[in-house]
Amino acid sequence: MLQIENLSKTYRLNDRDIEALKAISFTAQPGEILGIVGKSGGGKSTLMKILRGMDRFDSGKITMDGITITPDSSDEEIRARMAATAIHLQRDFALWTESALNNVVRRIHSRKTGYEVLPIPENADYDEMYKEGLFYLGLVGLEKKASHLATILSGGEKQRLVIARQLAKKPKVLLLDEPATMACPATKQEVLDAIKNVRDKLGLTIVVVSHLPEVHNYLADRLIWLEKGEIVAVGEPREILNRFMAGIGKPEPLAPRRNLGPLIKVRDLSKRSCQVCKGEVLDVLRIENLNFDINKGEITSFIGNSGGGKTTLLKIMQGVRMPDAGAVYYRYGDEWVDMLTYSPHRMNVRRTLGVMYQEFALYAGETIIDQIAYQMGIKSTDVIGYARSVAEEMGISEKVLDIIYAMADMS
Numbered sequence: 117m118l119q120i121e122n123l124s125k126t127y128r129l130n131d132r133d134i135e136a137l138k139a140i141s142f143t144a145q146p147g148e149i150l151g152i153v154g155k156s157g158g159g160k161s162t163l164m165k166i167l168r169g170m171d172r173f174d175s176g177k178i179t180m181d182g183i184t185i186t187p188d189s190s191d192e193e194i195r196a197r198m199a200a201t202a203i204h205l206q207r208d209f210a211l212w213t214e215s216a217l218n219n220v221v222r223r224i225h226s227r228k229t230g231y232e233v234l235p236i237p238e239n240a241d242y243d244e245m246y247k248e249g250l251f252y253l254g255l256v257g258l259e260k261k262a263s264h265l266a267t268i269l270s271g272g273e274k275q276r277l278v279i280a281r282q283l284a285k286k287p288k289v290l291l292l293d294e295p296a297t298m299a300c301p302a303t304k305q306e307v308l309d310a311i312k313n314v315r316d317k318l319g320l321t322i323v324v325v326s327h328l329p330e331v332h333n334y335l336a337d338r339l340i341w342l343e344k345g346e347i348v349a350v351g352e353p354r355e356i357l358n359r360f361m362a363g364i365g366k367p368e369p370l371a372p373r374r375n376l377g378p379l380i381k382v383r384d385l386s387k388r389s390c391q392v393c394k395g396e397v398l399d400v401l402r403i404e405n406l407n408f409d410i411n412k413g414e415i416t417s418f419i420g421n422s423g424g425g426k427t428t429l430l431k432i433m434q435g436v437r438m439p440d441a442g443a444v445y446y447r448y449g450d451e452w453v454d455m456l457t458y459s460p461h462r463m464n465v466r467r468t469l470g471v472m473y474q475e476f477a478l479y480a481g482e483t484i485i486d487q488i489a490y491q492m493g494i495k496s497t498d499v500i501g502y503a504r505s506v507a508e509e510m511g512i513s514e515k516v517l518d519i520i521y522a523m524a525d526m527s
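Residue numbers for the sequence shown, in the numbering used here: 117 to 527.
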């Protein structure tokens, strides 16, 4: 059983105290799926990190698997709690550049060695560990992707692989922070079914944080509504969600669309990615002969199954990944600039592009204003002009400078 009593956490920022959690108390029974819902900034992720042992708290106590933790607990006691839990953090993948199966086997082997290294074939448990790894991949619907590199999996598939790795720790409590937000509808359902299977087959206590009502309706036995660090209500998921959603206004309609002509043109774009495994060529991705325009002032959405090529397409359009064939043109003034072929104007186009990846790229320890100031600086005309003058002095070609500038949008 997981029991939380009067848990409080305060952060100190710029001579000001911010109460992230305010004396919250709740329990989660063995085999129960406990959902947590609330607006952004309500304390959900802070709570999950404290439960995992990644963050200290100021007052209260946590009892988990017979271990009680207080603010005065030793590092050894906290490590014992961490051994009893596993966590899947929001958009935090931390995967090895190896096959999906090897990623899980490393975690299985670490139960014995204390660090993630692949077992050698001479290991007495070698075959058993790989069999166990396939079992965990099967729980999350990735058994057919066992030989695929983790780096080429889609965002939703990476989330499921992270869950499989966490299960390989054999935890007593599984903490899931937004486990299905980056998955397509079909993949999301597979993730949710896998979580239920894990509970049913392994008897784990599972705590799920999600903004998605359908996740809690499908998974949660009970639901906690956490708002501004306080528990507003605990109870039956549908009842709590109705109250939570009642406070959210209706979406505003979009303004009438104006036809201002194309700003981006994609022409005859093709990209194939494959992996050779055990003599078999596996098609990982196939984009063929894409043609479309995106008009100025227009919001264009791409929809498709996980692994369908949406992220790859955006990276090609951004000019940081090359296709096998085709072109991507951006209108810059009166000219059309091909983002896939070097020209002096390509860096000017890059300056006008803003990119947000599935995985957040933020600088640890930096304030919000510093994060924004950095981006404003790197995208300013002054910075480009200064970089060009320095590059000229150092004998760096404009083409190399263009490649360096592209790196600013790759993280």
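Backbone N, C-alpha and C define an ideal beta-carbon position, used for all residues, glycine too.
Here DSSP, grouped into helix, strand and coil, assigns residue 177 to strand.
The residues 357, 361, in chain order, have a CB closer than 7 angstroms to that of residue 329 in the same chain once the five nearest residues on each side in sequence are set aside. Across the set 230, 246, 131, 256, the C-alpha of 256 shows the shortest separation from the C-alpha of residue 306.
If you check the CB distance, residue 140 and residue 182 do not come in under 9 angstroms.
A direct Cα-Cα distance of roughly 19 angstroms separates residue 167 from residue 134. For residue 498, the enclosing alpha helix (DSSP H) has its first and last residue at 497-510. Between the region 376-389 and the region 184-196, the count of Cβ pairs shorter than 8 angstroms is below three; the stretches do not touch. Unbroken beta strand (DSSP E) runs of no fewer than 3 residues, entirely contained in the region 244-313, are found at 289-293, following chain order.
Using a 10 angstroms sphere on the CB of residue 253, the tally of other CB atoms reaches 16 or more, which defines it as buried. The three-state secondary structure of residue 315, taken from DSSP, is helix. Excluding its 5 nearest sequence neighbours in each direction, residue 280 has C-beta neighbours in its own chain below 7 angstroms: 220, 252, 253, 255, 256, 258, listed in chain order. Annotated three-state conformation of residue 360 is helix, per DSSP. If you draw a straight line from the Cα of residue 283 to the Cα of residue 248, it is about 11 angstroms long.
Judged by their CB atoms, residue 216 and residue 285 are not nearer to each other than the 9 angstroms cut-off. Counting only residues of its own chain and dropping the five nearest sequence neighbours on each side, residue 160 has a CB closer than 7 angstroms to the CB of 152, 154, 325, 342.
By the criterion of a C-beta distance shorter than 7 angstroms, residue 426 is surrounded in its chain by 418, 420, once the five residues flanking it on both sides are discounted. Separation of residue 436 and residue 471 (C-alpha to C-alpha, rounded to the nearest whole angstrom) is 11 angstroms. The straight-line gap separating the alpha-carbon atoms of residue 469 and residue 515 is approximately 18 angstroms.
According to DSSP, residue 399 shares a beta bridge with 390. By the 16-neighbour rule on beta-carbons within 10 angstroms, residue 274 is buried. Under the DSSP assignment, residue 229 falls in the alpha helix (DSSP H) whose first and last residues are 216-229. Shortest Cα-Cα distance from residue 244 to any of 222, 231, 415, 261 involves 222. Closest in C-alpha terms to residue 399, from the list 405, 432, 466, 390, comes 390.
Boundaries of the alpha helix (DSSP H) around residue 518: 514-522.
In this structure, DSSP gives residue 443 an extended state, which the three-state scheme calls strand. Around the Cβ of residue 290, a 10 Å sphere holds 16 or more other Cβ atoms; the residue is buried. Pairing residue 117 with residue 170 gives a Cβ-Cβ distance that is not under 9 angstroms. For residue 292, the closest C-alpha among the options 332, 397, 453 is that of 332. Put simply, the backbone Cα of residue 262 is about 7 angstroms away from that of residue 250. The continuous beta strand (DSSP E) containing residue 202 extends over residues 201-204. Closest in C-alpha terms to residue 519, from the list 509, 201, 491, 464, comes 464. Nearest in C-alpha terms to residue 156, of all of 364, 407, 439, 230, is 364. Between residue 150 and residue 137, the beta carbon gap of about 16 angstroms keeps them out of contact (Cβ cut-off 8 angstroms).
In terms of CA proximity to residue 294, 323 leads the group 423, 309, 323. For residue 396, the closest alpha carbon among the candidates 189, 351, 264, 496 is that of 264.
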